[in-house]
Each structure stands twice: as C-alpha cells, then as structure tokens.
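Numbering (my numbering), first residue to last: 2 to 268.
Spelled out as structure tokens, the structure:
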C-alpha cells in the first residue's frame, strides 16, 4: 500500500490550524462571559430589587419591596379571617378551632394596623383576595371532618411560612419607620399562627418542605410593584376587629393517626 500523504508543513497550514484554535478559544470565552453579562444586566438582582421605584416619604424611603409587603399583609387578612371563622365552625378538634380564633384576632389586629400605615403613606390596598387565596378557601369549603382539619392546618401553615420569609427580609432592609413597625407586628402575629397551626398535630412537614423548596427559585424578573403613593387612594374596607384578644396557645397534641393523614396529600 502506498503511504498516506501528510499535509504540507508550511506557513499556511500553521496559520490555518492556529486560526481554528484561536476561534475555538474565543467562542469558549464568550460562552463563559455571556451568562455573567446576562445576569449582571438582568433586573431583579441585589440592590435593583431593594431600590426599584423607591419614593421619599415623611417616614423614610419607601421601596417597592416595602409596598409589596404592605399589600401582602392586607391580602393575608382578606382570606385568613374567613378561614379562621370557618375553622371555628367546621373544625373537628379543639386545637383547630383554637387556631381559627388566633387567625381571627391576629388578622383583625393586623388589618387595622396595615390600613393605618397605608393611609399615612397614601397607598391603595386591595379589597379582594388573590385568585390563589380564593382557591384555598374553595378547598376548605369543600372539605369536611378530618380532611378539613388536615387541609386547614397544611394550607394555612404553607401560606404563613411563605410570608414569614418576606417579613424577615423587609424587617432587615426597610428604611421606613412605619413599615419597620408593621413588620414587627406581622412577625409576632405570624409566628403565633405558625405555632398554633403546628400544635394541631396535622401539619405534614415533609410535604411542607417540598412545597417551600419548589417555590424558592426567584423569577428572572420581579413582579410588578403595587401602586405607589397617590393623592387620593381608594379606601380599604375594614374588617370587624374583636373586642380584645382572649386566646391562649392550644395544648400540645399528638399527631393524628397515620391512617388518617395518609388519606390526604398536599397538592
């Protein structure tokens, strides 16, 4: 067999090979740098979120995060108050009915506080729960007996866990004195509600952590901020507060039987 000819070793061949190597290295470098540029320019990171649409007020700077927190406090009361009243009627155990009383009194107090803060900052507040919150109420409306207690404890515990992290972030970063005090009140109230919900013995912590992790990845861009201060904000319809807080923490309970809890799963 004739030997296979080798390519000529000349300047042209050397430069052709070198050009291919340089091209490949350049493409690799660009592929590594582009995600960094993309991330750096992407909205919703670091101080961009904290300072987005910040306005000056007589109580300190008011950021989009602050306004979003105020809106979430109001929304929580719009659906958790009805859920608390329902739990007192449909709860199959004393611990669930006691948790319902905590929701009523805690969110009646917070609703009064958040309406006062919104009025001082000239912020509009919603008067209807979100679509997801209405779906949660619909789930509770259709449940009965042990299933109701299980759904109530897990849906409310999941919702409180999500807002708890928001409260911590706002409390740590806000520069507005009204928002800071509201975050203190919300922190105390939500922690109390988490405690009484867990005391029912129905909280499925394995399912809870899966749901929390699934929702932990932030979106590429932040959601639109709620409306800023306006000259004449629409009034928020007040809820009927109780005469005075009278609840106590429910006694510790043993977890429901496995046969009962296995019937239901967090969707």
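Think of the CB as a built atom: it goes at the ideal place given N, C-alpha and C, for glycine as much as any other residue. Here the structure is a predicted model, which means the values were calculated and not measured.
What is the residue span of the alpha helix (DSSP H) that residue i lies within?
| i | result |
| --- | --- |
| residue 164 | 146-174 |
| residue 92 | From DSSP, residue 92 is part of no alpha helix (DSSP H); its letter is neither H nor E. |
| residue 188 | 178-199 |
| residue 142 | 132-143 |
Whole angstroms is fine: what's the gap from residue i's alpha carbon to residue j's?
| i | j | result |
| --- | --- | --- |
| residue 183 | residue 237 | 17 Å |
| residue 107 | residue 199 | 16 Å |
| residue 146 | residue 102 | 18 Å |
| residue 85 | residue 213 | 23 Å |
| residue 56 | residue 195 | 33 Å |
| residue 154 | residue 181 | 29 Å |
| residue 41 | residue 144 | For residue 41, the pLDDT reaches just 45, beneath the cut-off of 50, and the residue's location in the model is therefore unreliable, although a value from the coordinates is still provided. Approximately 47 Å between the Cα atoms of the pair. |
| residue 165 | residue 77 | 12 Å |
| residue 69 | residue 54 | 12 Å |
| residue 75 | residue 171 | 15 Å |
| residue 138 | residue 64 | 31 Å |
| residue 71 | residue 148 | 33 Å |
| residue 38 | residue 62 | Reliability of the predicted coordinates at residue 38 is poor, the pLDDT of 40 falling under 50, and no value is obtained from them. |
| residue 159 | residue 132 | 16 Å |
Apart from the five residues just before and just after residue i, which ones in its own chain have a Cβ nearer than 6 Å to its Cβ?
| i | result |
| --- | --- |
| residue 185 | none |
| residue 79 | 130 |
| residue 192 | none |
| residue 60 | 177, 178, 179 |
| residue 134 | 80 |
| residue 169 | none |
| residue 188 | 168 |
Assuming residue i contacts residue j under a Cβ cut-off of 8 Å, what Cβ separation, rounded to an integer in Å, is found between them?
| i | j | result |
| --- | --- | --- |
| residue 190 | residue 67 | Their Cβ separation, rounded to whole angstroms, is 18 Å, which puts residue 190 and residue 67 out of contact at 8 Å. |
| residue 141 | residue 87 | 6 Å |
| residue 97 | residue 201 | 5 Å |
Say yes only if the C-beta of residue i is nearer than 7 Å to one or more non-hydrogen atoms of the ligand FAD, and no if none qualify.
| i | result |
| --- | --- |
| residue 204 | As presented, the structure is devoid of all ligands, the ligand FAD included, so that no description of it is given. |
Report all residues from its chain with a CB closer than 8 Å to the CB of residue i; omit the five preceding and five following residues, and keep chain order.
| i | result |
| --- | --- |
| residue 105 | 82, 85, 86, 89, 243 |
| residue 116 | 75, 126, 237, 239 |
| residue 270 | Residue 270 cannot be examined here, being either before or after the span of the chain that is shown, 2 to 268. |
Using a Cβ-Cβ cutoff of less than 7 Å, which residues in the same chain neighbour residue i once the five nearest sequence positions on both sides are dropped?
| i | result |
| --- | --- |
| residue 73 | 164, 167 |
| residue 173 | none |
| residue 136 | none |
| residue 211 | none |
field: Sufficient close CB pairs (3 or more, under 8 Å) joining the region 111-127 to the region 205-214
entry: no
query: Does the region 121-130 come close enough to the region 89-102 to have 3 or more Cβ pairs within less than 8 Å?
result: no
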